[in-house]
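Peer 1: Numbering-wise (the numbering used here), the sequence shown opens with residue 138 and increments by one.
Below you will find the structure I want to go over with you.
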Amino acid sequence: MNYNSGDIVRVFYPYLPKVKDTSGNSAGKVRYGLVINAGSNQTVALPILAITLDCQHKIRQLF
Numbered sequence: 138m139n140y141n142s143g144d145i146v147r148v149f150y151p152y153l154p155k156v157k158d159t160s161g162n163s164a165g166k167v168r169y170g171l172v173i174n175a176g177s178n179q180t181v182a183l184p185i186l187a188i189t190l191d192c193q194h195k196i197r198q199l200f
């Protein structure tokens, strides 16, 4: 399958970083990504964040 820059694709992002994941059993979460580079036999996709109107939605702490 060929992807072009600007395509919206389904991608898997892991629950835990590979360094911390010792089980290797989790396939990851299915999310959508935006393809930004689809050349030289490589494809890079940026994750698309969920947008919600729910006031009770908790934002994950990054640091």
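Glycine included, each C-beta is placed from N, C-alpha and C at the ideal position.
(1) In angstroms with no decimal places, state the Cα-to-Cα distance between ASN174 and VAL148.
(2) Cutting at 7 Å between CB atoms, please list the residues of its own chain near TYR140, excluding the five before and the five after it.
(3) Going by beta carbon distance, what residues of the same chain come within less than 7 Å of LEU183, once the five residues before and after it are set aside?
(4) Closer than 7 Å by C-beta to ASP144: which residues in its own chain qualify, once you throw out the five before and the five after it? Chain order, please.
Peer 2: Working from what's here:
(1) Position 37 of the sequence shown, counted from the start, is the residue given in the question as residue 174. Position 11 of the sequence shown, counted from the start, is the residue given in the question as residue 148. The C-alpha of ASN174 lies about 15 Å from the C-alpha of VAL148.
(2) For this step, residue 140 is matched to residue 3 along the sequence shown. Here the set comprises VAL146, VAL172, ALA175, THR180.
(3) The residue you call residue 183 lines up with position 46 of the sequence shown. GLY170, LEU171, ILE173, listed in sequence order.
(4) Here residue 144 corresponds to residue number 7 of the sequence shown, with the count starting at 1. Excluding positions up to five away in sequence, the list reads VAL172.
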